[in-house]
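Note sheet for the following structure.
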């Protein structure tokens, strides 16, 4: 219905008000006359008074009707009254003043307060509310009102309190709030207001609280905020505000609560902030971009109770005066760049309940005084560099301590048994430290404990049985320790609330007790990488909430009573199962049809190398949620079921190396529009490659090698523009290579070797500029090797052997600086073998059986023929003429140059004299020119070439008596410009002894180079794989510690995390003291705030690249950890990950995992072991621990890999142990 607005009745009400005042004045003036005639009740005067009273009563009734009409309008604007409150109560049969949520004034009987908060109301606010002219307080919070606040509310001039918090209002914050002269409290938080904070709002000078948090406000905080000199509470948190905080805000001396969290505000805090804000009780600035130091006089905010500065960029130390804030209860300083020690004065904070200083760079021991804070409930110091032992008396004075997190530090020693007295603890996190010894059984006394995390330490011995009697425990993680023994038979009987249990990467043995299924709330269970044995536990099927199950790398088998893997029957009861890891177990059985009854939520199945036999059941196609299916390295046979095409979410399918899968590739695979990884190699698959595979535009990796495929490679495959790897080698494929092969511009591997491909190599192949490994070997190709191969600037391996190629070897290949393997043997090539560039490193076996080739004697080819006498005479005549002309030119040039130099020398001294006089690198601190670098490297002579990196070549350079290295970027290489910029960005600011140091740079449009420190001992790869490796065991450990220290700095101590992305031995340089320096940052990524980024092109080195980087292009610091783990393996086995023994169904990691820990002598470099050595057993134990460390660094799941800090700490500990072994 249409209701009248206040503006329509204003004249009438004004007249009524004036009339009432006149009447009152009249009665007062005639009181004596009235009293004299009191006996005559019906006198004209009394009648007149009664008449006027009736008029006034009628007027009040009309005003209350106006209020009623306004409220009924609000009711009519509702679209939902969830609890039926207003619908049933706000009716005209009862007085407005008796309605729920309505308060009327006793004097005027008008509505003065409206509180309908938290009533589940949905709708908009009508303009009619502006008629509640006596309204003082309006509270409609915690509902679902939407739309905008109508301007008619600006008529409510008596309004003092407005609360519309927790609704869905949109639009700009109304500026008409400034028209409310009595407004003291304005709360608009938890809505969707947008735009800027209107400066006009600060004209409401009586405001005491302004709460605008959790909206979508942008822009800067207006300077006019300083007008609110009576403001006590300001909350602008969780918006999108930017810029500096106006100084006027810090001059509001009445301010008690200041909340600016979760914005992008920046700048320093005023040093006198507390002098101007003496009443401040809450200062919350977390999750912004503030920098500078924490004000040293912070103690002048003596009333401070909450100080939250976390997730900013504050630097320096924690001020000692912070100990004077005796009223403080919560202190949040984490995620800043703070350093130094925790001050002892922290112990003076006797009212402190929460101390959170996580993820800084604090060092030193835990101050003893911290145990004096008897009120402490939460202590979080995770992710620092704190060291020393754990305080045994911590809980004596902290009876209320609930959460204790010292994870990811450098604490050592044992876990004190006195921790068992911390009976109030609900969370105990000591993960990623250097703790040793056995876990005290007294920890089982913590009956209130909810989470216990000790992963990645050096704890040994059996797990105390008392741990499994903590009835309130919800999460246990002992991942990555050295626990031994078996699990107690009654493990599940005392854990009714357990939800997560991680025991992986230990040395636990025995079977899994059936009682574990009594812990029925478990939803994540990880027991992989142990030595558990026996039949796969069917009791897992009783864990109805199970989402994640990892039993990888144990010794589980099938039930002996059936050839099928019947445990899948029981797992069908786990209807929430999302990830199943059962790989590397000797299951030795067939997949049952019941596998199709597994959870529809199942997303990831890893069952590789588990001796699974038989055919793949067609029911596997029922797993509609499956994204990743890994069954490689088993003994599967039969056809690939066509039903697999029903797995529309599948992203990766790996059936490699089963050897007995046969039949054609089902065309139904082409339905998998999200498929990115397809590996069917090393099987018995026949027939043609389906052309429709070329329609799967998401494909990145395709491996169909070592099968019985026939006919041609479908042309559609050459149109997969994002394909990175294609391997169809060792089949029976025919036809020729089409020009469209050049479409694979981002591909890094193409292998079509051992087929029957004929025709020529198309010249368009040169467009594949990211190609690293190319093999056309053992085919029927003919014609010349195209010159365009020289454009494949990233090429590392080229195999054209066993074909019918003719003509010469293109000289353009000399420019392929990354080429380290070349094989053109068994062709019909002729002419001179090129010299220089990578050809200087190739041996005779690269050119075998090419009768027409000639060249250097070391290549065991005939010397190239000299010219005939007749030609020689003609050549000599021509030579004499040329020499004469050149001599005349030189004379003229010399005269001209002499004149030029005389003039030039008058203006400045010669540069050459300066270089000769100064032998210090300081001479290069000015700009260095191309001419300087050319002179220092003898014209970039090949004799000065030290090696090649991802995007350029490194030359030895002599500046006076100082030797440096110059890295010249090959700007023809795609990405070289970005590589130069990246190296400059990373290396110009780093300061670490184990990182290559940039001295200077030279950059223009056509030339870019970096001047680096010279490393006289070359790179680690040359040392490690030379014919007589002279690196002893201690040198190898020291080098890996150096490399780990560099990664630690890049990942944790640089201002943003840096991922190297191409860590390998050839990128580790050794100085004169054999100290390692990590170099070549051409592929490095700066992560910024986030933890990972997506990389379209994967250019890192094969063998060292992390699976998620290769498969999905995901870059994080865990990628470097994987590469580091591979380097650890290579360092102590002297086996490259690309060694030919790992060419097919194996890998360096798999080879080591099979031999660890019982057959270490089969994998360790024999040079490290002396047969008659006394302490051979002790040395082998240390090496076994190093290999275990390497295995933990190279897990398929990035989150399971170790943190580099923890890796480094363990490696240093092992070095000490190894040193003792070697010395004794």
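In this note's numbering, the protein residues as written are 7 to 1230. Think of the CB as a built atom: it goes at the ideal place given N, C-alpha and C, for glycine as much as any other residue. On a predicted model such as this, the values are computed, not experimentally measured, just so you know.
Spatial neighbours of residue i within its chain, please: CB distance less than 6 Å, with the 5 preceding and 5 following residues excluded, ordered by chain position.
i: residue 427; result: 401
i: residue 708; result: 684, 732
i: residue 806; result: 782, 830
i: residue 1; result: Here the chain covers residues 7 to 1230 and nothing more, so residue 1 does not appear.
i: residue 723; result: 700
i: residue 162; result: 141
i: residue 128; result: 85, 86, 150
i: residue 380; result: 403
i: residue 412; result: 387, 436
i: residue 35; result: The predicted position of residue 35 is uncertain, since its pLDDT is 48 and thus under 50; no value can be drawn from it.
i: residue 1190; result: 1163, 1166
i: residue 301; result: 275, 277, 279
i: residue 886; result: In this predicted model, residue 886 has a pLDDT of only 48, less than 50, meaning its place in the structure is not dependable; the value taken from the coordinates is given anyway. Nothing meets the Cβ criterion.
Per DSSP, which residues does residue i bridge with? Please list them.
i: residue 962; result: 971
i: residue 433; result: 409, 457
i: residue 288; result: 263, 312
i: residue 667; result: 644
i: residue 119; result: 109, 143
i: residue 618; result: 595
i: residue 299; result: 321
i: residue 1008; result: 1015
Determine the contact status of residue i and residue j, defining contact as a CB-CB distance below 7 Å.
i: residue 512; j: residue 536; result: yes
i: residue 1083; j: residue 1015; result: no
i: residue 4; j: residue 578; result: Since the first residue of the chain shown is 7 and the last is 1230, residue 4 is not available in this structure.
i: residue 434; j: residue 465; result: no
i: residue 476; j: residue 445; result: no
i: residue 826; j: residue 856; result: no
i: residue 681; j: residue 648; result: no
i: residue 614; j: residue 634; result: no
i: residue 494; j: residue 471; result: yes
i: residue 1076; j: residue 1021; result: yes
i: residue 859; j: residue 828; result: no
Starting from residue i, trace the alpha helix (DSSP H) in both directions and tell me its first and last residue.
i: residue 730; result: Element bounds for residue 730: n/a, residue is neither H nor E.
i: residue 574; result: 573-577
Return the chain-ordered list of same chain residues with a C-beta closer than 8 Å to the C-beta of residue i, the five sequence neighbours on each side being excluded.
i: residue 330; result: 305, 308, 351, 354
i: residue 643; result: 619, 620, 621, 664, 666, 667, 668
i: residue 272; result: 248, 249, 250, 294, 295, 296, 297
Taking residue i as part of the beta strand (DSSP E), name the residues at either end of that continuous run.
i: residue 1148; result: Careful: residue 1148 lies outside any beta strand (DSSP E) and carries neither H nor E.
i: residue 152; result: 150-153
i: residue 779; result: 779-781
i: residue 343; result: 343-346
i: residue 941; result: No beta strand (DSSP E) holds residue 941; the alpha helix (DSSP H) holding it covers 936-942.
i: residue 224; result: 222-225
i: residue 585; result: 585-587
i: residue 246; result: 246-250
i: residue 362; result: 360-362
By Cβ distance below 7 Å, which residues in the same chain neighbour residue i in space, the five residues on each side in sequence not counted?
i: residue 210; result: 183, 184, 186, 189
i: residue 497; result: 474, 519, 521, 522
i: residue 876; result: Summary for residue 876: the model assigns pLDDT 44, below 50, so the residue's position carries little reliability; its value from the coordinates is reported in the next sentence. Around residue 876: no qualifying Cβ.
i: residue 749; result: 724, 725, 727
Quick check on residue i - is its C-beta less than 7 Å from some C-beta in chain C?
i: residue 669; result: In summary, chain C is missing from the structure at hand, where a single protein chain is found.
Quiz item: Is it a yes or a no for the region 330-347 touching the region 361-380, going by three-plus beta-carbon pairs under 8 Å?
Solution: yes
Exercise. Flag this pair as touching only if the region 153-165 and the region 97-114 have three or more C-beta atom pairs under 8 Å; answer yes or no.
Key: no
Quiz item: Do the region 1198-1213 and the region 1161-1170 make contact, defined as three or more Cβ pairs closer than 8 Å?
Solution: no
Quiz item: Are there three or more Cβ pairs, one per stretch, closer than 8 Å when the region 1120-1136 is compared with the region 771-786?
Solution: no
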